[in-house]
Structure formats: C-alpha cells, structure tokens
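Asker: Numbering (our numbering), first residue to last: 1 to 462.
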Ligand SMILES: *Cc1c(COP(=O)(O)O)cnc(C)c1O
C-alpha cells in the first residue's frame, strides 16, 4: 500500500514544471522555490514511510510559497521573549536601545573615522572613541574594551601572569555556560591556576600561605550564576588588596555582570558595581557589556592606568579587538547612563518595571487573547509569579512578575508552545504545571499584537 503511494509521489522536477510553480520561480528566487518543493516532497515521503495514508500527494501552491519564504529567510531573526528572563543568553542577552540602533544606522552603511583622528588628520586609535567615557562612568583611571568578558580574562591571564600563578578560591571556580569554565580560560591564557581554600570557606590566610616567587595575581571571580548559603566564608576585595600590596601582586576581579547602576528593585542585591570594586582596591576589573549593562556583546576592562596599558599593548589584544559596530553601540549605551537616560535601555527598563505595570500588561494581553480565541475551548488566566533575572546575573534575586496562563481542550501545552515557536515572529514561551506561561516582563506593549496574532493563527490553522 505504502509502496504504491511512494510511487505516485511526484518528483521535484515534475512539481517544478507545473505552470503556476514556474511562475512562482520567476517571481521569487528560483533556488528558494526548488528548495521549498524539495522539502514539501520530502515531508510527504517521510509521512508515507511512517505509515500515514496521505491524500494530498501534490504540494499546493500556498504550501510551496510558505516553504519558499521559510527557505529564504535568515536563520538568525527577531523573536518575542515571553519567558520573563530579562538577560536570556539563548535569546541574545540584551536588546539594544532604539536610539542606539538609530545611531548605528547613521554610520554602519558608510565610512567612519574608527581609526582616524579627524582633528589631526592622520591615523587614530579605535579605543580613543570609547575608553575615556568608559573610565568616566565607571570611575576608573583607565579602561579598555575587547570582544567579551571571556576574552578579557584570557588577555589578563596572558599579559599579567604568563607562566606565573593566578590564585583563585575553590569556591569561585565557575562554569559559565555551554560547558565553558573560567579556570580553563585562565589556563589557556598561559597562567598557572593556583586553587586555595575549600568549596565553601576560603580565608585570607589561605591566600597568604600560597604566595611565593611565582605568584602574579590574586583573582576574585563573582559567583554570578549560583549562590552559596550556610557554613560559608569568603575573602573581601579590601583584604585581598592589602595582601597584594604587601606582596607586590595584582588583584583581578571578574565581576561578570558589569553593573554601573541598578534599577531600584535590585539596588540591594549585592551585585558588585565596577567602580566600587576598584575603590576597594582591585587593580583591574572585567565585565560583560551585554548582561546587566544592557549594551552590545563586549568585554569591559577597567582599572589602574599602568595595568590597563600593559593589557592594551599585548599582542593578543589585536586578536580580540572589538569592531566599529560594537564600539559605537557600547559608547551610545554608556552615554545613556552618563546622561541620566538609563531607562531607555531595554534591560534597565524591564528590570525596573513594578508589579502594577506588569499586572496591567498581563490583563491587557489576557483580554485580547480571550477575544481572539474560542472561549469554550480555552482557559486564559492572569496570575503572579516570581521570575529570575537570568543568564549569569543575580542568581538569588527573584522578581515579582505577572503572567498569562493558557490551556486548551483542543491542543496540548506542547502543541501550543510549538505553534507559538513556529509562528512568523517566533514567540518563546514556557510550560509549567500543564499550562503555557506567557511572562509579560519581557514582552513589550507593542509585541502584544504579535502574541495574539500567533495564537489566532494557531486555532485557525488547518
Ligand atoms: C558571564 C560571565 C563571564 C563570561 O562573559 P562573556 O561576556 O559571556 O564572555 C565571565 N565571568 C563571569 C563571572 C560571568 O558571569
């Protein structure tokens, strides 16, 4: 039976020869149409082999057109984040401010003076566009920028401690995600990792006892994606700085998140502000540009002038230098902080939203969803929950948020979640306790229509 169906399945060439498909291939890129037909035929073959008794062996024009649009569009594209996790590493961490994107548009398609000093009329440095402002907003003597925080650590290891020891507490040897571990990055930079203390308790005596001729750096790594509670003890930056001064060493602090200023609900979270870490005696601090700072992917380095100068001059710096787009976007984001306009930065704004704002957005979303879906099949409720800030930041903080919970008699939670994910602008939601959860903390007001539209398509789809 299935053999007979398989034999009747048209070939890609046969479908392509149909006049209306020919016409489509003249209108759209031919490559995309051929790919669409190939996928349409292939999906039928797969379903027949799985034992389905298919009726429609010939792919229709609508399906081919839809598949052609899919085959043609870029793999990387915009999504709606309905998870409530503000700094979502899988969803691009920090969305940028609208005014930053506008600024980017003003020079990205043109030449720009990235390494040209307009005043002097000769070669300039790309870093001059950014390091002054970066040092100013942090309150540092000097600053430098690389591609990301991992690159910043690699450079610190290579330039400040090659073949010498970097001392790190066993309670701070962290894995940052996708299997990457800070201690491995330090070792790849050429330093020797010297672990001290125990997982839960490390004292200044532990550092003191291991300092020797080959010691170069005392490092402290912020526990940005987990926390410890109970019988714990750790060494503060001032204690480390005191020891470092006596022993002629440097103190490096990996802050992870790059906090300049925190939104009100998080001011008491204990997340280290970069300027404070330096005031407390660290020689150099590193952070990410696209975590709580809310800017582009970048590695921020700030600290004492002589130390930053050593980093800046190291050959590795050339291999991890940021592009002009990054430098422009980071500068623009920092200027928003400097000018008291931080609430234009999406991450800052989303973290500042109070429960009232979120509740009213959840209600608005639920009203519109109810109006769009057949009431007898769907349950749509509004409720409050606690959500995490996300990717490598504030592991302990839970923020009150408001959500819309969906359930359907016709579709399983998995089918709803998948349907949303497959929509034109994919909506990323999560499933909990047999409901699909839409957390409005990360859904902007102008995205509500997209969520409603996607659900509507889901219930009307054949
Ligand atoms: C996130 C994080 C990193 C890595 O930063 P990237 O900018 O993603 O390279 C390093 N250290 C800590 C403590 C972090 O939280």
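Glycine residues also receive a C-beta, built at the ideal position from the N, C-alpha and C atoms.
(1) Compute the Euclidean distance between the alpha carbons of residue 150 and residue 255, then round it to the nearest angstrom.
(2) How many angstroms separate the CA atom of residue 251 from the CA atom of residue 153?
(3) Quick one: grab the DSSP three-state call for residue 317.
(4) Could you give the C-beta distance for residue 234 and residue 204, rounded to a whole number, given that I count them as a contact under 8 Å?
(5) Ordered along the chain, which non-local residues of its own chain (more than five positions away) have a Cβ less than 8 Å from that of residue 16?
(6) Please report how far the alpha carbon of residue 404 lies from the alpha carbon of residue 335, in whole angstroms.
(7) What does a CB cutoff of less than 8 Å around residue 352 pick up in its chain, not counting 5 residues either side in sequence?
(8) Only counting the same chain, and skipping five residues up and downstream in sequence, which positions put a Cβ closer than 8 Å to that of residue 198?
(9) May I ask you to report which of helix, strand or coil DSSP gives residue 146?
(10) Roughly how many angstroms lie between the CA atoms of residue 442 and residue 81, to the nearest whole one?
(11) For residue 54, which residues in the same chain have their Cβ closer than 7 Å to its Cβ, ignoring the five residues on either side in sequence?
(12) Which residues in the same chain have their Cβ closer than 7 Å to the Cβ of residue 112, if we skip the five residues on either side of it in sequence?
(13) Check this for me: beta carbons of residue 84 and residue 280, under 9 Å apart or not?
(14) With a threshold of 8 Å, establish whether the CB of residue 144 neighbours any heavy atom of ligand 1.
(15) Can you tell which of 434, 418 and 435 has its C-alpha closest to the C-alpha of residue 428?
(16) Ligand 1 heavy atoms versus the CB of residue 106: any closer than 8 Å?
(17) Tell me whether the beta-carbon of residue 305 lies closer than 9 Å to the beta-carbon of residue 146.
(18) Using 8 Å as the cut-off, classify the Cβ of residue 222 as near or not near the heavy atoms of ligand 1, replying yes or no.
(19) Of all the alpha helix (DSSP H) runs that stay within the bounds of the segment 218 to 254, which reach a length of 4 or more residues?
(20) Flag this pair as yes or no: are the beta carbons of residue 434 and residue 413 separated by less than 9 Å?
(21) Using the beta-carbon count (16 or more within 10 Å), is residue 148 buried or exposed?
(22) Is the distance from the Cβ of residue 185 to the Cβ of residue 168 below 9 Å?
(23) Starting from residue 388, follow the beta strand (DSSP E) in both directions and report where the run begins and ends.
(24) Please state the DSSP three-state secondary structure of residue 52.
(25) At a cut-off of 8 Å, is residue 289 close to ligand 1 when judged by its beta-carbon and the heavy atoms of the ligand?
(26) Roughly how many whole angstroms lie between the Cα atoms of residue 105 and residue 389?
(27) To the nearest angstrom, how far is it from the Cα of residue 173 to the Cα of residue 415?
(28) Once the 5 residues before and after residue 221 are set aside, which same chain residues still bring their CB inside 7 Å of it?
(29) Spatial neighbours of residue 67 within its chain, please: CB distance less than 7 Å, with the 5 preceding and 5 following residues excluded, ordered by chain position.
(30) Using DSSP with H/G/I as helix, E/B as strand and the rest coil, what is residue 443?
(31) Within the present structure, is the beta-carbon of residue 297 separated from the nearest heavy atom of ligand 1 by less than 8 Å?
(32) Going by DSSP, which residues form a beta bridge with residue 34?
(33) Rounded to whole angstroms, what's the CA-CA distance from residue 19 to residue 57? Just pull it up for me.
(34) If you draw a straight line from the C-alpha of residue 283 to the C-alpha of residue 143, how long is it?
(35) Rounded to whole angstroms, what is the Cα-Cα separation between residue 28 and residue 71?
(36) In its own chain, which residues sit with a C-beta less than 8 Å from the C-beta of residue 354, not counting the 5 before and 5 after it?
Answerer: In this structure, then:
(1) 11 Å
(2) 13 Å
(3) helix
(4) Their Cβ separation, rounded to whole angstroms, is 10 Å, which puts residue 234 and residue 204 out of contact at 8 Å.
(5) 22, 25, 33, 34 and 37
(6) 36 Å
(7) 263, 264, 265 and 343
(8) 170 and 171
(9) strand
(10) 6 Å
(11) 5, 44, 47 and 48
(12) 324
(13) no
(14) no
(15) 418
(16) no
(17) no
(18) yes
(19) 237 to 247
(20) yes
(21) buried
(22) no
(23) 378 to 390
(24) coil
(25) yes
(26) 30 Å
(27) 40 Å
(28) 168, 172, 174, 182 and 254
(29) 36, 39 and 40
(30) coil
(31) yes
(32) DSSP lists no partner for residue 34.
(33) 18 Å
(34) 11 Å
(35) 11 Å
(36) 265
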